[in-house]
Amino acid sequence: MTTLPAQAAEAMIGGADLFGPAPVLSTEEAGNFQSLLKQVTAALKPLDVIELILIRSFVIEVWTIERLRRHATVAIDRRYQDYLEGMLHRAKVQKARKDNLDLRTFAHATPRDIATLAAFAETPEDLLTRKATETDHNRALEKGIDLQMRLDTLMASATRRRNDALQQLELYRAGLAVQAKEAASRIVEGEFQEVTPISAKPTILIATEAKADDHVEWARSDGEAE
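In terms of this note's numbering, the sequence shown is residues 3 to 228.
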């Protein structure tokens, strides 16, 4: 069996005509997905369009798994940033109280008070740029453990779909191998089968047991002939 022609494989790999654009987010690189698809396709050497579809499904699940892994890491950093922003908010409130700004009566504050609070929000804070420690990330992981568990469930589901795509590819190829073997056997049998033309009449030889009387009769016939 031969691989799919390069032009047909390239058309499927592009995917624009049959499946639309690559399934990537705006923060992801579509070119990276296409590169991965091309490399996997080159490694698995598809035989037809059905195999290409299964290969593309495999690549999509690989891409999804890696995305979920990235977001599991991003979720920890995001939790830590939320923690820093909470600390910054509390620091601003404490500073406002220290400067004798009564937040409970802020609705009746003068323009000067409002401008002072606005200045707090616009002032750069070193707090947000503080480098996280292992303990900080551990605390963030604890706070976001529910999301981590949901992401883990999604990754397990995507892994099953990825493995299923490969299994379906193997089963499909196994079926093609059986069909190819049967076809080859029929061709070989056809090459070596003896075929008798319809117009020809085969000669049939029947062996019979000779009798003593037959030998006597033949001897007499020979004597008379002499």
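Ideal placement from N, C-alpha and C gives every residue a C-beta, glycine not left out.
Original post:
Can the beta-carbon of residue 163 be found closer than 7 Å to that of residue 63?
Top reply: The residue you call residue 163 lines up with position 161 of the sequence shown. The residue you call residue 63 lines up with position 61 of the sequence shown. Cβ atoms of residue 163 and residue 63: closer than 7 Å.
**OP:** Just the C-alpha distance for residue 21 and residue 145, rounded to the nearest angstrom, thanks.
**Re:** Position 19 of the sequence shown holds residue 21. Position 143 of the sequence shown holds residue 145. Each residue's Cα considered, the two are about 39 Å apart.
**OP:** Would you tell me roughly how many angstroms separate the C-alpha atoms of residue 134 and residue 28, rounded to the nearest one?
**Re:** Stepping through the sequence shown from its first residue, residue 134 is reached at position 132. Stepping through the sequence shown from its first residue, residue 28 is reached at position 26. Cα to Cα, the separation comes out at about 27 Å.
**OP:** Could you tell me which of 86, 169, 57 sits nearest to residue 139, measuring between CA atoms?
**Re:** Indexing the sequence shown from 1 puts residue 139 at position 137. Per the Cα distances, 86.
Subject >> For residue 37, three-class secondary structure by DSSP >> reply: Along the sequence shown, one-based indexing puts residue 37 at 35. If DSSP states are grouped into helix, strand and coil, residue 37 belongs with the helices.
**OP:** Can you say whether residue 48 is buried or exposed, counting buried as having 16 or more other CB atoms within 10 angstroms of its CB?
**Re:** Position 46 of the sequence shown, counted from the first residue, corresponds to residue 48. Looking at its Cβ environment, which holds 16 or more other Cβ atoms inside 10 Å, residue 48 is buried.
Original post:
In the structure shown, what three-state DSSP assignment does residue 47 receive?
Top reply: The residue given as residue 47 occupies position 45 in the sequence shown. In this structure, residue 47 counts as coil in the three-state DSSP scheme.
Original post:
In three-state DSSP terms, what is residue 132?
Top reply: Along the sequence shown, one-based indexing puts residue 132 at 130. DSSP places residue 132 in coil when its eight states are reduced to three.
Original post:
Using DSSP with H/G/I as helix, E/B as strand and the rest coil, what is residue 60?
Top reply: On the sequence shown, position 58 is the one that residue 60 refers to. In the structure shown, residue 60 sits in a helix (DSSP, three-state: H, G or I).
Original post:
Hey, would you say residue 37 sits closer than 7 Å to residue 167, going by beta carbons?
Top reply: Reading the sequence shown from its first residue, position 35 is the one you call residue 37. Reading the sequence shown from its first residue, position 165 is the one you call residue 167. No; because the gap between Cβ atoms is not below 7 Å, this pair is not in contact.
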